[in-house]
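In our numbering, the protein residues as written are 264 to 749.
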Amino acid sequence: MPEEATILVIDDELEIGNYLKTLITQFGYRSEIATSGKDGLQTIQRIRPELVILDVVMPDMDGLEVLKQIQEEKMDTSVIMLSGHRQTSTVVGAMKLGAADFLNKPFDPEELQFTISKVLERRNLISEVQRLKKQVSEQNGNQILFGNSEKMGAIKEIIEQVADTDITILIRGESGTGKGLIARFIYMNSSRRDRHFVNVNCAALPAELLESELFGYERGAFTGAHKKKPGKFEFANHGTIFLDEIGEIPPALQAKLLQVLQDGEFAPLGSEQDVRVDARVIAASNRDLEAEVARGKFREDLYFRLNVVNITVPPLRERMEEIPILTEHFLQKYNRKYNKDYKKISKETMGLFMQYNWPGNVRELENMIKRVVVLESEKPIATEFLLKEEDKVRSERKNGSSGSGGNMTASGEFSFIDPLLEGKDHNFTLREISKEASKRAEKELIEKILRQTNWSRKKTAEILQVSYKALLYKIKENKIDKFSDF
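Now the structure itself:
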């Protein structure tokens with residue numbers, strides 16, 4: 264790493280800056296100069312140096328203020344402070360703000376070389392430790408991400424073939440299937456993993472803001488643009504940019520994105536100068552992009568540029584065998600996060616999980632397990648499933664199929680009223696109707712819970728939050744029989 268490092272010198276005295284640049288080049292590093300704090304901050308964002316040599320005393324913005332902004336904006340660079348006036352308070356202040364070392368002017372070239380080498384070596388060791396931690400984490404995470412299903416195994420094989428290339432990848436799948444996790448897995452297995460991974464949710468920003476977010480802008484480009492700002496593509500230079508929900512990008516902006524994919528360059532808002540970038544593009548969408556192309560909503564040429572390698576993530580309902588391993592993973596994750604000790608999901612609840620069709624996919628499962636851990640109870644989960652089942656039954660009845668205990672009205676709505684009308688002289692009160700409807704709903708609810716708990720009356724009583732004795736009374740009162748056809 265040291266011989267490939269880029270070092271930025273920020274010093275308002277050009278003569279000193281040029282001298283430092285000459286020495287740094289002789290040491291075998293790449294080097295650039297910025298002559299002010301503001302220019303230095305912009306240059307850091309542009310070139311991503313491994314190391315900054317920063318003068319303390321500068322007119323527009325002093326070195327400590329620049330150092331503070333570097334830390335606040337989480338710029339991934341180490342800083343050596345440089346000063347002609349070594350004051351203890353300045354040194355302490357710099358170290359508290361995260362400076363890696365401190366040099367006095369005038370400095371000895373050998374001392375400079377040693378300090379640079381020491382700081383870069385320390386940085387290299389920290390990066391290596393982080394890399395090894397990620398590697399261990401990924402080995403555990405890969406089993407979770409790809410589970411034990413054949414479909415996800417096939418996706419992993421494709422990723423292993425294309426991850427360490429610059430090929431553009433389009434990931435498709437329903438919301439909540441894990442498209443973002445797969446994009447990050449591709450990045451972590453590429454040669455760009457030591458550079459930035461920039462995540463952009465194209466659906467989260469209005470069209471008028473998305474262009475400036477992606478491509479940046481010059482000072483004065485529009486009202487409120489008081490200073491130049493680099494866009495996400497510049498941040499992703501030499502790294503990877505993940506364009507989530509790319510189907511939401513408006514047609515006018517699609518042409519500019521196509522230019523980046525074709526030529527690797529674009530013009531920021533308010534600029535006549537093109538910026539060149541080398542960023543690997545991974546895109547994702549839950550839309551049918553072919554249909555969007557046919558409707559004229561999405562450019563065909565952009566679609567073909569994105570769709571070099573296509574990965575389609577199956578919904579959770581098509582890989583149900585992964586639910587137990589995902590459930591265990593999320594239990595461990597949220598036990599750690601909330602300092603809980605919820606041991607295991609019950610067989611009854613797991614049975615419900617295996618019967619459910621998971622419209623919200625892995626994200627929905629994760630949210631359910633989070634609630635179980637936080638509340639330390641599975642009762643809300645069982646209740647939620649019952650409500651979902653009731654909604655499903657209502658939907659089916661609206662579509663023409665009737666269940667027990669009711670008929671369809673002319674408008675297609677299920678009603679408890681029609682059965683009450685049969686064989687009666689219509690001489691009844693609203694209170695009687697409500698009482699009968701409540702009784703029928705109660706019977707149906709108890710039957711459903713009994714079925715879903717494999718006729719465990721104890722578990723059913725817990726879910727309904729009634730005593731065991733009260734449940735037995737209700738079963739007898741409603742003439743519920745395990746062997747009857749409901």
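Just so you know, even glycine gets a beta-carbon here, dropped at the ideal spot from N, CA and C.
Everything numeric in this text was worked out from a predicted model, so none of it was measured.
* Which runs of the beta strand (DSSP E) fall wholly inside the segment 552-602 and span at least 3 residues, in chain order? -> 572-575
* **C-beta contact flag for Met-338 and Ser-299 at 9 Å** => no
* Starting from the C-beta of Val-523, find all residues in its chain whose C-beta is less than 6 Å away, skip the five residues before and the five after it, and write them out in chain order. => Phe-529
* Asked: Can you find a heavy atom of the ligand NAD that lies under 8 Å from the Cβ of Asn-367?
  -> Among the components of this structure there are no ligands whatsoever, and the ligand NAD is therefore not found.
* **Straight-line gap, Leu-271 to Lys-491 (C-alpha atoms, nearest Å)** => 19 Å
* Taking only the alpha-carbon atoms, compute the straight-line gap between Ile-545 and Ile-504 and give it to the nearest angstrom. => 6 Å
* **Assumed close pair Ala-466, Glu-511 - CB separation to whole angstroms, cut-off 8 Å** => 4 Å
* Reference Ser-390; option with closest CA among Arg-458, Met-415, Leu-468 and Glu-420 -> Arg-458
* Asked: At what residue ranges does the segment 413-479 contain a whole run of the alpha helix (DSSP H), taking only runs of 4 or more?
  -> 413-425, 442-451 and 470-478
* Asked: Looking at C-beta atoms only, is the number of pairs between the segment 557-566 and the segment 578-595 that lie closer than 8 Å three or more?
  -> no
* Asked: Since Arg-626 is in the alpha helix (DSSP H), which residue starts that stretch and which ends it?
  -> 624-638
* Asked: If you measure from the beta carbon of Glu-611 to each beta carbon in chain D, is any gap under 9 Å?
  -> The structure shown has no chain D; it contains just one protein chain.
* Asked: Nearest to Tyr-292 by CA position, among Ile-632, Ile-307, Glu-313 and Arg-309, is which residue?
  -> Glu-313
* **Backbone CA spacing between Ala-488 and Gln-536 [nearest angstrom]** => 17 Å
* Asked: Is it true that the segment 585-605 meets the segment 620-637, where meeting means three or more beta-carbon pairs spaced less than 8 Å apart?
  -> yes
* To do: Tell whether a beta-carbon distance below 9 Å holds between Thr-351 and Asp-364.
  => no
* Validate contact between the segment 566-574 and the segment 430-438 using beta carbons, cut 8 Å, 3 pairs -> yes
* Rounded straight-line distance, which links the Cα of Leu-506 to that of Leu-552 -> 14 Å
* Rounded C-alpha distance that separates Asn-602 from Thr-646 -> 25 Å
* Rounded C-beta distance between Lys-368 and Ser-341? I'm assuming under 8 Å. -> Actually they are not in contact, since the Cβ atoms of Lys-368 and Ser-341 sit about 20 Å apart, beyond 8 Å.
* **Neighbourhood of Glu-685 by C-beta, 7 Å cutoff - its chain only, sequence neighbours within 5 removed** => Reliability of the predicted coordinates at Glu-685 is poor, the pLDDT of 48 falling under 50, and the value obtained from them is presented with this limitation in mind. Hits under 7 Å: none found.
* Kindly give me the distance between the Cβ atoms of Asn-598 and Glu-437, rounded to whole angstroms, as I take these residues to be in contact under 8 Å. => Actually they are not in contact, since the Cβ atoms of Asn-598 and Glu-437 sit about 28 Å apart, beyond 8 Å.
* Asked: Would Gly-502 pass as a contact of Phe-448 if the rule is Cβ separation under 9 Å?
  -> no
* To do: Tell me Leu-506's beta-bridge partners as DSSP assigns them.
  => Val-463 and Ala-546
* To do: Tell whether a beta-carbon distance below 9 Å holds between Glu-276 and Asp-318.
  => yes
* **Rounded Cβ spacing between Ile-279 and Ala-297 (contact assumed at less than 8 Å)** => About 13 Å separates the two Cβ atoms, so there is no contact after all.
* Buried or exposed: where does Asn-624 fall if 16 or more other Cβ atoms within 10 Å of its Cβ makes it buried? -> buried
* Asked: In the structure shown, what three-state DSSP assignment does Asp-317 receive?
  -> The question names Asp, but residue 317 in the sequence shown is Leu. Strand, per DSSP.
* To do: With DSSP as the reference, please indicate the residues paired to Met-344 in a beta bridge.
  => Leu-317 and Phe-365
* Asked: CA-CA distance, Tyr-605 and Glu-639?
  -> 6 Å
* Asked: With which residues is Thr-269 paired in a DSSP beta bridge?
  -> Arg-293
* To do: Note down, in chain order, each residue of its chain lying with its Cβ closer than 8 Å to the Cβ of Glu-328, except the 5 sequence neighbours on either side.
  => Gly-300
* Do you know offhand how far Lys-331's Cα is from Glu-641's? -> 47 Å
* Asked: Are the CB atoms of Gly-559 and Gly-483 nearer to each other than 9 Å?
  -> no
* Starting from Ser-611 and walking both ways along the alpha helix (DSSP H), at which residues does that stretch end? -> Correcting the residue identity first, residue 611 is Glu in this sequence and not Ser. Looking at the DSSP string, the run of the alpha helix (DSSP H) that includes Glu-611 is 610-618.
* Leaving out five residues on either side along the sequence, give the residues of the same chain with a beta carbon under 6 Å from the beta carbon of Glu-267. => none
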